Amino acid sequence: MDDIYGYSPRAVSRDLALISLVAVVLVVIHVAVPPGGRARFAFNHDSLDPVTVVTSPFVHVDDAHLFGNLAGYVASTVVAYGLCLKARERRWFHLTFASFLVVLPATVSLTSYAILGWLYPAIDPITRGFSGVGAAFTGFVLIAVLVVVRTEYGWLTAQYLGLAVWLWLLLELFLIYGGDTLGVALAVAGLGWAFCGWGLIDEHGTTDIRDGLRRAADDVLTVGVVVWLLTLFVVVLFPAEPVGDGSVTNVFAHAAGMGYGLAGSGLTYRLLHR
768 MDDIYGYSPR
778 AVSRDLALIS
788 LVAVVLVVIH
798 VAVPPGGRAR
808 FAFNHDSLDP
818 VTVVTSPFVH
828 VDDAHLFGNL
838 AGYVASTVVA
848 YGLCLKARER
858 RWFHLTFASF
868 LVVLPATVSL
878 TSYAILGWLY
888 PAIDPITRGF
898 SGVGAAFTGF
908 VLIAVLVVVR
918 TEYGWLTAQY
928 LGLAVWLWLL
938 LELFLIYGGD
948 TLGVALAVAG
958 LGWAFCGWGL
968 IDEHGTTDIR
978 DGLRRAADDV
988 LTVGVVVWLL
998 TLFVVVLFPA
1008 EPVGDGSVTN
1018 VFAHAAGMGY
1028 GLAGSGLTYR
1038 LLHR
């Protein structure tokens, strides 16, 4: 079998097995620990228990909660991994993956605790689930696709593209939650996209851009698919109605996780390329 972006199929298989192992562990915990035990490992915001701060991301309310979080984690992590391979940055994936699993469960729990306590001091929710950590890998996907662009076309092109995609994701949030501010968001996004387009034309020239798009059809397709996936991830992570069917989606944990994913993957990349 041919190498995959310069990496052996055996190495890639090991990495995919490692990604899958996390999902297997979550399933084993859910099956092996009875509902009462899982409830004890959830994070009750009424008391700041350091044990449940760490354990709560690894327990789930029911099967639907578990498999929804597993689907998000696997999808975002596999996409991030594929982009790292394309950029020849397998080592970066390993460092970021390990860092997220070690640091983010407690960090996301504490951040969610702080935000909910600040915005809603009268309530003491019970939080659990891996979705906040999974959201971090969504942030990793965005940074990874920019590293792919940077590897092929330079940092300036990656920065313009990153700004354009970031504006689109913010606009998507305004479409979900914005209300009366949607018009302002559309105007700001339009100006931002015009700036990004002008910057790309200034960097490459209109002829170079057209020729480059034809020559780099594979990269254009990659970026397009990733933006589409990020759009879907945002819809799932930030539903228009967080409360429904007897459950509450902790959008604050998702926002914290995605923010930490962006910052964390950027930091690990810089650490490896100092």
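Take any residue in the sequence shown, count from 1 to its spot, add 767: that is its number in the numbering used here. Yeah, the Cβ is synthetic: ideal placement off N, Cα and C, and Gly gets one too. Remember, it's a predicted structure, so these values are computed and weren't measured experimentally.
Cβ-Cβ separation, residue j to residue i (assumed contact under 8 Å), whole Å
i	j	result
Leu871	Tyr1027	6 Å
Val820	Ala903	Not quite, the Cβ-Cβ distance comes to about 16 Å (not below 8 Å), so this is no contact.
Thr863	Phe907	6 Å
Phe941	Ala952	4 Å
Leu923	Glu970	5 Å
Leu930	Gly959	6 Å
Leu1029	Leu909	6 Å
Val1001	Leu936	6 Å
Ser866	Gly1033	Going by Cβ atoms, the distance from Ser866 to Gly1033 rounds to 12 Å, so no, they are not a contact pair.
Ile943	Ala1022	That pair is no contact at about 12 Å.
Beta-carbon spacing of residue i, residue j below 8 Å
i	j	result
Ser823	Gly901	no
Ala956	Leu928	no
Ala854	Ala925	no
Val826	Arg895	yes
Phe1005	Val1018	yes
His812	Gly884	yes
Thr905	Met1025	yes
Tyr806	Leu837	Looking at the sequence itself, residue 806 is Ala, so the reference to Tyr does not match. No; because the gap between Cβ atoms is not below 8 Å, this pair is not in contact.
Thr989	Val915	yes
Gly773	Val1003	no
Asp986	Glu939	no
Nearest candidate by alpha-carbon position, reference residue i, set the options
i	options	result
Pro817	Gly966, Val916, Gly1024, Val875	Val875
His861	Val791, Thr948, Leu785	Leu785
Cys851	Val794, Arg1041, Val779	Val779
Val792	Gly849, Thr998, Val841, Leu930	Val841
Phe810	Ile882, Pro892, Gly1031	Pro892
Val800	Ser775, Asp829, Leu1038	Asp829
Thr1035	Arg858, His1021, Tyr774	Arg858
Val993	Thr918, Ile943, Gly849	Gly849
Ala1020	Gly966, Ala889, Ile890, Ala881	Ala881
Leu967	His1040, Gly921, Val794	Gly921
Val794	Asp782, Ile890, Gly835	Gly835
Ile796	Leu833, Leu783, Ile771	Leu833
Ile890	Ser814, Leu1038, Ala831, Phe962	Ser814
Counterpart residues of residue i in DSSP-defined beta bridges
i	result
Val1010	Val1015
Phe810	Thr894
Tyr774	Ile771
Start and end residues, alpha helix (DSSP H) containing residue i
i	result
Gly946	It is not in any alpha helix (DSSP H) - Gly946 carries neither H nor E in the DSSP assignment.
Ala873	857–886
Gly839	830–853
Leu1004	984–1004
Pro817	817–822
Neighbour flag for residue i against chain D, beta carbons, 8 Å
i	result
Thr1016	Of the protein chains in the structure, only one exists, and it is not chain D.
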